[in-house]
Amino acid sequence: MESACYIQSHPYAGNLQGADIYRTSTLSSPAAPRTPKPDMTRAPQQPTCKIITDPCTGRTYSKGRLLGKGGFARCYEMTEISTNKIYAVKVIPHSRVAKPHQREKIVNEIELHRDLSHKHVVKFSHYFEDAENIYIFLEICSRKSLAHIWKARHTLLEPEVRYYLKQIISGLKYLHLKGILHRDLKLGNFFINENMELKVGDFGLAARLEPLEQRKKTICGTPNYLAPEVLYRQGHGPESDVWSLGCVMYTLLCGTPPFETSDLKETYRCIKQVKFTLPACLSSAARHLIVGILKRSPSERLTLDQILEHEFFTKGYTPDKLPPSSCVMVPDLHPPNPARSLFTKVAKSLFGKNKSKAKKAPSEEKEEISKLVTGLVKTSICRQLSYKTVDGNEVAPVAGLALTASSSPVEALTEEASGKSVSRSIRGSLVGSSDAFEDCVTASGVMETALDVLKNCLSSMPKEEGKPTCLARHEPFVWVSKWVDYSNKYGFGYQLSNRSIGVLFNNGTHMVLPANHRNVHYNLTNSRHFVFPTSAVPEQLQGQMSILQYFASYMEKNLMKGGDLPCQEEGTKPLLLLLQWVKTEHALLMLFNNGTLQVNFYNDHTKLILCKPQDSYLLTYINRDRNSQTFLLSSLAETGCSADMLHRLKYAVKLLQQKAAC
Ligand code: 11G
7 MESACYIQSH
17 PYAGNLQGAD
27 IYRTSTLSSP
37 AAPRTPKPDM
47 TRAPQQPTCK
57 IITDPCTGRT
67 YSKGRLLGKG
77 GFARCYEMTE
87 ISTNKIYAVK
97 VIPHSRVAKP
107 HQREKIVNEI
117 ELHRDLSHKH
127 VVKFSHYFED
137 AENIYIFLEI
147 CSRKSLAHIW
157 KARHTLLEPE
167 VRYYLKQIIS
177 GLKYLHLKGI
187 LHRDLKLGNF
197 FINENMELKV
207 GDFGLAARLE
217 PLEQRKKTIC
227 GTPNYLAPEV
237 LYRQGHGPES
247 DVWSLGCVMY
257 TLLCGTPPFE
267 TSDLKETYRC
277 IKQVKFTLPA
287 CLSSAARHLI
297 VGILKRSPSE
307 RLTLDQILEH
317 EFFTKGYTPD
327 KLPPSSCVMV
337 PDLHPPNPAR
347 SLFTKVAKSL
357 FGKNKSKAKK
367 APSEEKEEIS
377 KLVTGLVKTS
387 ICRQLSYKTV
397 DGNEVAPVAG
407 LALTASSSPV
417 EALTEEASGK
427 SVSRSIRGSL
437 VGSSDAFEDC
447 VTASGVMETA
457 LDVLKNCLSS
467 MPKEEGKPTC
477 LARHEPFVWV
487 SKWVDYSNKY
497 GFGYQLSNRS
507 IGVLFNNGTH
517 MVLPANHRNV
527 HYNLTNSRHF
537 VFPTSAVPEQ
547 LQGQMSILQY
557 FASYMEKNLM
567 KGGDLPCQEE
577 GTKPLLLLLQ
587 WVKTEHALLM
597 LFNNGTLQVN
607 FYNDHTKLIL
617 CKPQDSYLLT
627 YINRDRNSQT
637 FLLSSLAETG
647 CSADMLHRLK
657 YAVKLLQQKA
667 AC
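Under the numbering used here, think of the first position of the sequence shown as 7, with each following residue one higher.
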């Protein structure tokens, strides 16, 4: 398909190294003195340089991480050294655009994009070339694109779709008014910036709008979103962009493109016949709008203004802003209404962040709060995201209905993992792979041992309360300082006292980000262990990586610190993995692959930690005042302990017995 794409010639074609290009590269209004034009005869290939200098202005840029590849370009984050401004930069080696029609494409892209200025169109900053490459500096969009959001979410809520579509339509109306057709509207070309604002980008296939008879009849764009008239070689008009927009809307709402089949010819046949199905879950307004857009004849298709006037937009709620978390999980969106503000208010008052100014009669308020507490308490046990901090603060739950484990992109990998293809498919960026836990510590093994040890201790303890001496010094051990249970959707996230972050996903896989964030550890259910540099996590794991990062930032922002240890160099100790967690009405029990058992009691935030850092078992009790005392288990067995601690020890044993019996 790509090779069939020939864009019309332009006066600048073949002149990318010429004077015009240098003159026009002053879009960034350089203050730096102009440097002489470089000798454009190709220099021998230089080693990849981290500092890039604009030979025309003398401005310097430091080349950052690779953002990805697209067309002829490798794209990097680059920072202008004097201003610290960050750009997304397309770096196109001259060698990749040696043929005239290839250069024409780049020139066309620059020429069409450079003068555009709109809130919902990627800002073109400037460009230049050196001996090796052409550099196109664009607005950075830190949240990547709708394609990434779609990958993590698969389907979006109708209010989210309205939110994004309105911005696409706004950008697209501007382009069409300027006489520019995008011709490649797809999820990957809708970039999302830090503020969750959408920007239409990638003008690699864009063209000026020509009268019908003068239009190029060749096929451009991504096959799935091609309009019937483009397939029939009748040329691409504004209506063809509208068709693609309809496909985008369908994909976001239904999870797959409307004409997707396993065979390209079949896809084209479906497009020509406008053969697609509308899932029952769509609202009638959404169906009606899709049908109005995906019309065979361009003249029958709704226009951009008609789309905006459709009841899908006029009757449905569109949020002003989406939370960044919606990139990976279903947001809790509600049109402003009294019930919602009650929830927010009560949750805030419960969890100590009540800044609400609205006043209510005290009796009325109390009544409403008590209702909600019951609801929260009930749901927090098994369904809602509930989390507590080591110091006893409990924070309001983040509501959400995010993706199920089966829609996670990693599912395929996990399934494949039983065969050999997985290691092939993720080997590219692998740092290491091993069967790290060949001696296979199982949760039930850890549970049985802990049960034995604790039961023995309890049975030898004297009947009366004792005052055991706690250890002044002991071997360091690692314990869970923060946790987030989002197992109704993703899994269980935790932060360890050594500041590494882990997620035990619902599908049984495990991801751990050690404190230095250098590598990511990934464990399959079959206990195979992979290590990747954080910057090169394979595509298949990006969804889980986003969730891990979300958990990490969530715990960092919302949960109080609790006794973190100094950062440990990665690799000095075997990786600590949570094997199993169990929540009861009163406590959370966690079992680790090094044999550690931790029990957190919800009501007073006390904790018991049983571990064996060296030869002897240690038992740590963190009391309700957050005082931590560590004892040799053997000395507890001899001396006995406080009633408080004994009570909790007995509860832990009962819990382990119950679990072991299951
Ligand atoms: O056009 C882009 N923008 C605006 C962008 C492209 C290319 C620089 N990309 C990605 C990089 C890899 C593939 C597409 C961007 N990435 C991040 N911010 C902006």
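All C-beta atoms in this analysis are idealised placements derived from N, C-alpha and C, irrespective of residue type, glycine included. Quick caveat: nothing in here was measured; it's all calculated off a predicted structure.
Cβ-based neighbour list, LEU510, same chain, cut-off 6 Å, excluding 5 preceding and 5 following: Counting from 1 along the sequence shown, the entry for residue 510 is found at position 504. Contacts found: GLY497, PHE498, HIS516 and LEU584.
Spatial distance of HIS523 from MET84 (CA atoms): The residue you call residue 523 lines up with position 517 of the sequence shown. The residue you call residue 84 lines up with position 78 of the sequence shown. C-alpha separation (whole angstroms): 21 Å.
Alpha helix (DSSP H) segment containing GLY451, residue limits: As a working note, residue 451 is residue 445 in the sequence shown. Here the alpha helix (DSSP H) through GLY451 covers 449-466.
Spatial distance of ARG674 from PHE598 (CA atoms): Residue 674 is absent from the structure shown; the chain starts at 7 and stops at 668.
Own chain residues within Cβ distance below 8 Å of ASN195, not counting five before or after: If you number the sequence shown from 1, residue 195 lands on position 189. These residues qualify, in order along the chain: SER151, HIS188, VAL206, GLY207 and ASP208.
Residues near LEU594 by beta carbon distance below 6 Å, same chain, minus five either side: Start at 1 with the first residue of the sequence shown, and residue 594 comes out as number 588. So the list reads ASN606, once near-sequence residues are dropped.
Length of the line joining the Cα atoms of VAL236 and CYS253: Position 230 of the sequence shown, counting from 1, holds the residue named residue 236. Position 247 of the sequence shown, counting from 1, holds the residue named residue 253. Between VAL236 and CYS253, the C-alpha separation is close to 14 Å.
Inter-residue CB distance, GLU506 and VAL518 (contact presumed, cutoff 8 Å): Stepping through the sequence shown from its first residue, residue 506 is reached at position 500. Stepping through the sequence shown from its first residue, residue 518 is reached at position 512. One detail in the question is off: residue 506 reads as Ser in this sequence, not Glu. At roughly 6 Å, the Cβ-Cβ gap stays under 8 Å, so SER506 and VAL518 are in contact.
Check: ALA94 C-beta below 8 Å from any heavy atom of the ligand 11G: By 1-based counting over the sequence shown, the position of residue 94 is 88. ALA94 Cβ: within cutoff of the ligand 11G.
Stretch-stretch touch, CB-based, cutoff 8 Å, three pairs: the segment 551-562 with the segment 325-342: yes
Contact with chain B by PHE197, beta-carbon distance below 9 Å: Here there is only one protein chain, and chain B is not present.
Backbone CA spacing between ALA666 and THR455 [nearest angstrom]: The residue you call residue 666 lines up with position 660 of the sequence shown. The residue you call residue 455 lines up with position 449 of the sequence shown. Going from the Cα of ALA666 to the Cα of THR455 covers about 11 Å.
Inter-stretch contact (C-beta, 8 Å, three-pair minimum) for the segment 236-248 and the segment 317-327: no
Chain-order list of residues whose beta-carbon lies under 6 Å from that of GLN586 (same chain, five-residue window excluded): By 1-based counting over the sequence shown, the position of residue 586 is 580. Only ALA449 and LEU597 meet the Cβ criterion.
In DSSP terms, what PHE130 is bridged to: Along the sequence shown, read from residue 1 onward, the residue named residue 130 stands at position 124. Answer is LEU144.
Beta bridge counterpart(s) of TYR500 as assigned by DSSP: The residue labelled residue 500 in the question sits at position 494 within the sequence shown. The partner list for TYR500 (beta bridge, DSSP) reads TRP489 and GLY508.
At least 3 beta-carbon pairs within less than 8 Å: the segment 102-120 vs the segment 157-165: no
Cβ-heavy atom distance, LEU73 to the ligand 11G, below 8 Å: In the sequence shown, residue 73 corresponds to position 67, counting from 1. Flag set: Cβ of LEU73 near the ligand 11G.
Heavy atom of the ligand 11G within 8 Å of VAL128 beta-carbon: In the sequence shown, residue 128 corresponds to position 122, counting from 1. Yes.
Residue burial classification, PRO264 (beta-carbon count within 10 angstroms, cutoff 16): Here residue 264 refers to the residue found at position 258 of the sequence shown. That one is buried.
Assigned exposure category for ALA345 - 16 Cβ within 10 Å defines buried: Within the sequence shown, the letter at position 339 stands for residue 345. Reliability of the predicted coordinates at ALA345 is poor, the pLDDT of 46 falling under 50, and the value obtained from them is presented with this limitation in mind. ALA345 should be labelled exposed.
Backbone CA spacing between LYS301 and LYS222 [nearest angstrom]: Locating residue 301 in the sequence shown gives position 295, where the first residue counts as 1. Locating residue 222 in the sequence shown gives position 216, where the first residue counts as 1. Near 22 Å, if we compare the C-alpha coordinates of LYS222 and LYS301.
For VAL103, the three-state DSSP class (helix, strand or coil): Reading the sequence shown from its first residue, position 97 is the one you call residue 103. Note: VAL103 maps to helix in three-state DSSP.
Beta-carbon proximity check, ASN600 vs LEU582, cutoff 9 Å: Numbered from its first residue, the sequence shown carries residue 600 at position 594. Numbered from its first residue, the sequence shown carries residue 582 at position 576. In this structure, LEU582 lies closer than 9 Å to ASN600 by Cβ.
The segment 488-497 / the segment 469-480 touching (three or more Cβ pairs under 8 Å): no
PHE536, enclosing beta strand (DSSP E) - first and last residue: Indexing the sequence shown from 1 puts residue 536 at position 530. Per DSSP, PHE536 belongs to the beta strand (DSSP E) from 535-539.
Span of the alpha helix (DSSP H) around LEU661: Taking the first residue of the sequence shown as 1, we reach residue 661 at position 655. Here the alpha helix (DSSP H) through LEU661 covers 649-667.
Per-residue DSSP class, three states only, for GLU235: For the purposes of this step, residue 235 is taken as residue 229 along the sequence shown, with counting starting at 1. The answer is helix: DSSP assigns GLU235 an H, G or I state.
Cβ distance (whole Å) where GLY472 is taken to contact THR612 below 8 Å: Working through the sequence shown from its first residue, we reach residue 472 at position 466. Working through the sequence shown from its first residue, we reach residue 612 at position 606. With 8 Å as the limit, GLY472 and THR612 do not qualify as a contact, their Cβ atoms being about 18 Å apart.
Continuous beta strand (DSSP E) stretch holding GLY77: start and end: As a first step, residue 77 must be located in the sequence shown, where it is residue number 71. Counting along the chain, GLY77 falls outside any beta strand (DSSP E), and DSSP gives it neither H nor E.
Collapsed DSSP secondary structure at VAL167 in the structure displayed: By one-based count along the sequence shown, residue 167 stands at place 161. In this structure, VAL167 counts as helix in the three-state DSSP scheme.
Where GLN604 sits in the DSSP three-state scheme: To locate residue 604, count along the sequence shown from 1; it is residue 598. Residue state, collapsed to three classes: strand.
Touching by the beta-carbon criterion (3+ pairs, under 8 Å), the segment 68-87 and the segment 170-182: no
Distance, PRO482 Cα to ALA649 Cα: By 1-based counting over the sequence shown, the position of residue 649 is 643. By 1-based counting over the sequence shown, the position of residue 482 is 476. Rounded to the nearest angstrom, the two C-alpha atoms are 26 Å apart.
Classification of LYS96 by the beta-carbon crowding that lies within 10 angstroms, buried from 16 upward: Mapped onto the sequence shown, residue 96 falls at position 90. Its Cβ being crowded by 16 or more others within 10 Å, LYS96 is buried.
Local Cβ density within 10 Å of SER305, reported as buried at 16 or more and exposed below that: For the purposes of this step, residue 305 is identified with residue 299 of the sequence shown, where counting begins at 1. With fewer than 16 other Cβ atoms within 10 Å, it is exposed.
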